[in-house]
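If you read the sequences in order, they're chains A and B.
Heads up: take any position in the first sequence, counting from 1, add 50, and you land on our numbering.
Heads up: take any position in the second sequence, counting from 1, add 77, and you land on our numbering.
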Amino acid sequence: MPKCTINGKSIEVKPGTTIIQAFKEAGEEIAHYCWHPALSVAGVCRLCMVQIEGQPKLQIACNTVVADNMVITNKSEPVKDAVRWGMDFHLINHPLDCPICDQAGECGLQEQYMRYGQYDPEMAEPKQKKHKVIDLGPTVVLDSERCILCSRCVRFTEEVTKTNELGIFNRGDRSEIGTFHNKPLNNNYSYNTIDICPVGALTSKDFRFRQRVWYLKEARSICTGCSTGCNVNVYFNEEGTWRVKPVQNDKVNGYWMCDKGRDVYKFTNLPVRLTSGKTGSKDNWNLLEAGALAKDVGATIRAAARSGADKIALVITGQYSNEDYDALFQFFSVGLGVQNIYHWINNPEDMNGFDGLLFRGDRNPNTKGLVARLEKYGVKTKWLDLEDKIKAHDLTHIVIAGPENHSVFPDLETKLRLFDQVPNVVWLSAGKSVAVDGLTAVTTQIPMKTFIEKDGTYTNYAGLEQKVKRGTTIVAGALTLEEAVHLMSGEELDMNMRPLPPKYLKTNFLVHKGGPL
Amino acid sequence: MTSTFQLSEEGAAFVKRELNRYEDRHSAIIPALYRVQKENNGWVSPESVTYLSHLMDLPESEIEEVLRFYTMFNTKPVGRHHVQVCCNISCAMNGGRELADRLCQEFDVHDGEISGDGRFTISRVECLGACDKAPMMQVNDTFCEGLTEEKAIEILREMK
Ligand code: SF4
Ligand code: SF4
Ligand code: FES
Ligand code: FES
């Protein structure tokens with residue numbers, strides 16, 4: 051194993067390691083625009099310059115392999131000077147329109163300039179004009195003037211998605227990124243090109259001009275868009291959530307996530323949320339606090355169970371956390387002896403679908419966790435049994451742990467028409483729905499928290515358990531499924547069960563009150 | 078514009094041969110584009126790139142990258158005869174730029190555009206490697222060297 055010294059630190063690396071990888075391993079900072087750990091080496095930006103002892107010229111770190119006993123630095127004056135000049139060249143034709151650029155605040159050029167630049171530019175020539183606001187497809191907008199031609203996006207469509215939409219056309223200072231004959235860039239991973247673009251050349255149609263990034267906070271979470279469970283950061287402020295970006299996890303998603311998953315923040319925001327408990331039926335609803343309602347309906351169900359648990363059915367979607375399911379089974383299966391428990395599968399046809407990269411047909415984050423619990427509690431029911439029971443009027447109560455993300459439940463309305471034939475419906479869901487508001491049965495709607503508002507564990511398609519932490523609160527009046535079930539079972543919420551950070555106390559009035567609800 | 082393009086049988090066979098000739102299949106893009114240009118009235122249309130992409134099993138974007146990088150491929154229709162007048166240093170010193178202007182005037186056409194009768198496209202180009210016989214122009218595939226304005230006009234008049 052070759053030994054080398056990186057900025058004075060000696061480390062040992064695997065044979066074949068490039069200098070830039072060695073810098074990462076040593077925890078030393080190094081500038082790089084064109085190099086990306088998950089793409090091939092291009093060596094075009096010339097910013098990763100290093101000085102190697104005994105070699106007369108500077109080398110690029112991304113395309114030089116570590117040899118034994120190399121002594122490498124990127125802190126020397128010649129390196130700083132080279133990087134500064136590199137910057138100067140990159141900025142020759144750059145429009146410097148940071149004030150109207152979406153990337154400002156998280157831009158490689160800005161960071162680099164503050165670190166190495168801060169010079170007076172020496173270019174007297176006018177800048178080369180290029181195309182701005184080019185519509186590349188449903189997701190991405192290109193500004194050619196801002197592009198530094200690092201070719202990351204091109205290599206992404208070539209090497210990762212293998213769809214080859216992007217190319218670099220023309221040459222010299224007229225080179226521009228584009229697609230063949232304006233074909234759209236429309237693969238299911240296109241947003242990743244925006245993430246890897248080190249500058250503001252590629253921006254997201256969904257996010258651009260909506261928020262300044264320095265006003266956003268981020269929270270680590272997982273995407274609940276399908277059973278892969280890509281690791282993500284969700285960006286939010288007091289007005290809600292705004293975007294989702296992938297976080298590297300080699301066991302799950304590498305560096306990427308799919309475009310469908312980018313939408314998962316949308317169902318967490320107020321306009322589509324069920325914000326209060328509701329009881330009644332079609333056109334005649336009373337609004338009540340979720341907790342009080344959970345207690346009421348819990349008492350009714352417990353009474354009904356005493357006169358026959360077989361008249362109660364529980365329907366569960368794969369959208370909740372393992373903790374939620376545990377509480378649910380504990381109460382219904384163990385506590386009440388309910389055996390009519392059914393798994394609502396939203397898209398049976400492509401449940402096992404997989405696009406070969408990340409995206410899976412099972413559009414639930416935790417089908418695996420649910421199935422494991424169905425097995426554990428010996429549930430062997432089929433959906434058709436439920437339909438038969440409903441048609442035969444065997445049921446008096448149906449409790450539905452409904453979807454968090456309504457958009458991936460194409461069968462929502464059909465299923466609701468079925469449930470509506472049971473006299474009493476308890477609907478637990480994070481989203482508001484016209485269809486639910488149209489139910490004629492005696493209905494109780496209890497608002498649920500979404501994945502970004504609670505702690506929990508999700509089991510992905512491969513059986514990997516991933517924990518998520520509460521990032522923010524959007525609907526303070528909503529409950530987690532676990533909390534709702536506790537209240538239904540007649541217990542009080544034990545607020546000390548999980549100590550809450552002080553900022554949360556301010557925002558969640560349920561918790562703020564502390565005492566019994 | 079033709080909506081579908083196909084190479085002649087011979088042309089397609091040529092491209093297939095080129096694909097196996099080099100270490101890297103991409104190397105066949107230039108000869109393939111030349112062939113298309115020859116069979117498609119002197120220019121390479123988007124349809125023909127799509128056609129090549131299928132024929133060569135290479136992405137359209139990669140073929141387009143090569144096409145747009147090199148100036149000897151025309152991405153717009155050209156006249157029946159493509160006249161390329163060298164305006165680089167040796168030719169410029171010997172009146173190449175004036176020659177280009179004169180030809181444009183004589184045949185009533187703007188630089189890089191097709192003449193009204195469809196006969197000519199006249200474009201200014203960089204050095205064609207015949208500096209010792211400056212000024213010079215290339216008409217289709219033929220070099221015409223050691224020109225005077227009159228001589229050049231005469232040559233073009235002959236062309237139908
Ligand atoms: S658009 Fe962005 S990622 Fe693509 S080449 Fe330009 S700077 Fe690089
Ligand atoms: S592959 Fe699945 S988990 Fe990953 S981003 Fe897409 S929807 Fe989300
Ligand atoms: S990162 Fe090494 S040249 Fe760009
Ligand atoms: S300069 Fe005209 S042929 Fe070389």
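Glycine is no exception: its CB is placed at the ideal position from the N, C-alpha and C atoms.
Because the structure is a prediction, the values reported are computed rather than measured.
Leaving out five residues on either side along the sequence, give the residues of the same chain with a beta carbon under 7 Å from the beta carbon of residue i.
i, result
"Val297/A", "Arg270, Asn281, Val282 and Asn283"
"Trp264/A", "Gly155"
"His181/A", "Ser194 and Glu226"
If we cut at 7 Å on Cβ distances, does residue i have a partner in chain B?
i, result
"Phe404/A", "no"
"Asn220/A", "yes"
"His231/A", "yes"
"Lys64/A", "no"
"Gly217/A", "yes"
"Asn236/A", "no"
"Asn242/A", "no"
"Pro214/A", "For the record, residue 214/A in the displayed sequence is Asn; it is not Pro. Taking Cβ atoms only, chain B reaches closer than 7 Å to Asn214/A, which makes this a yes."
7 Å is my cut-off, CB to CB: does residue i come that close to chain A?
i, result
"Ser138/B", "yes"
"Pro123/B", "yes"
"Met146/B", "Note on residue identity: the sequence assigns Phe, not Met, to residue 146/B. Yes, because at least one Cβ of chain A sits closer than 7 Å to the Cβ of Phe146/B."
"Glu183/B", "no"
"Glu142/B", "yes"
"Thr79/B", "Residue confidence is low: Thr79/B scores 47 on pLDDT, short of 50, so the model does not pin down where it sits. Its coordinate-derived value is still stated next. Judged by the 7 Å Cβ criterion, Thr79/B is not in contact with chain A."
"Gln83/B", "no"
Roughly how many angstroms separate the alpha carbons of residue i and residue j, rounded to a whole number?
i, j, result
"Ala278/A", "Tyr285/A", "A quick correction: the sequence has Thr, not Ala, at residue 278/A. Rounded to whole angstroms, Thr278/A to Tyr285/A spans 20 Å at the Cα level."
"Glu78/A", "Pro415/A", "36 Å"
"Lys53/A", "Ser225/A", "41 Å"
"Asp218/B", "Ala109/B", "17 Å"
"Asn151/B", "Pro212/B", "23 Å"
"Ile366/A", "Val449/A", "9 Å"
"Leu252/A", "Arg134/A", "24 Å"
"Asp256/A", "Gly411/A", "23 Å"
"Ile166/B", "Cys204/B", "8 Å"
"Cys273/A", "Val486/A", "26 Å"
"Ile80/A", "Met170/B", "50 Å"
"Met498/A", "His443/A", "29 Å"
"Cys221/B", "Glu175/B", "16 Å"
"Gln114/B", "Phe197/B", "16 Å"
"Lys439/A", "Glu503/A", "36 Å"
If you compare alpha carbons, which of the options is closest to residue i?
i, options, result
"Lys64/A", "Thr291/A, Met307/A and Met51/A", "Met51/A"
"Ala353/A", "Asp505/A, Leu386/A and Gly341/A", "Leu386/A"
"Met538/A", "Ile351/A, Gly358/A and His443/A", "Ile351/A"
"Arg293/A", "Leu266/A, Val302/A, Gly304/A and Asn303/A", "Leu266/A"
"Lys418/A", "Ile391/A, Tyr370/A and Asp461/A", "Tyr370/A"
"Asp147/A", "Ser194/A, Val116/A and Tyr392/A", "Ser194/A"
"Lys345/A", "Leu529/A, Val183/A and Tyr239/A", "Leu529/A"
"Ala89/B", "Leu135/B, Thr81/B, Arg102/B and Tyr128/B", "Tyr128/B"
"Tyr375/A", "Ala359/A, Lys361/A, Ile362/A and Tyr392/A", "Tyr392/A"
"Val202/B", "Cys164/B, Asp134/B, His187/B and Asp188/B", "Cys164/B"
"Asp223/A", "Asn113/A, His144/A and Thr207/A", "His144/A"
"Leu186/A", "Asp118/A, Met164/A and Gly228/A", "Gly228/A"
"Val472/A", "Thr507/A, Ala451/A and Leu436/A", "Leu436/A"
"Cys151/A", "Asp118/A, Pro128/A, Thr207/A and Arg196/A", "Arg196/A"
Can you say whether residue i is buried or exposed, counting buried as having 16 or more other CB atoms within 10 angstroms of its CB?
i, result
"Gln168/A", "exposed"
"Gln105/A", "exposed"
"Tyr99/B", "exposed"
"Glu141/B", "buried"
"Phe379/A", "buried"
"Gln182/B", "exposed"
"Ala534/A", "buried"
"Asn396/A", "buried"
"Gly66/A", "exposed"
"Tyr147/B", "exposed"
"Met137/A", "buried"
"Met164/A", "exposed"
Sorted by chain position, which residues of the same chain lie with C-beta nearer than 6 Å to residue i's C-beta, five sequence neighbours on each side aside?
i, result
"Phe382/A", "Leu364 and Val388"
"Pro154/B", "Trp120"
"Asp505/A", "Lys519 and Arg520"
"Glu268/A", "Asn283 and Tyr285"
"Glu288/A", "none"
For residue i, which residues of its own chain have a beta-carbon under 8 Å away from its beta-carbon, when the five flanking residues on both sides are left out?
i, result
"Trp306/A", "Ala88, Val210, Tyr239, Asn242, Cys280, Pro296, Leu407 and Leu408"
Which chain E residues sit within Cβ distance under 8 Å of residue i?
i, result
"Val113/B", "Absence of chain E from the displayed structure is noted, the protein chains being A and B."
As a quick check of your reading: which residues have a C-beta less than 7 Å from at least one non-hydrogen atom of ligand 6, in chain order?
In the structure shown, ligand 6 is absent; the only ligands present are ligand 1, ligand 2, ligand 3 and ligand 4.
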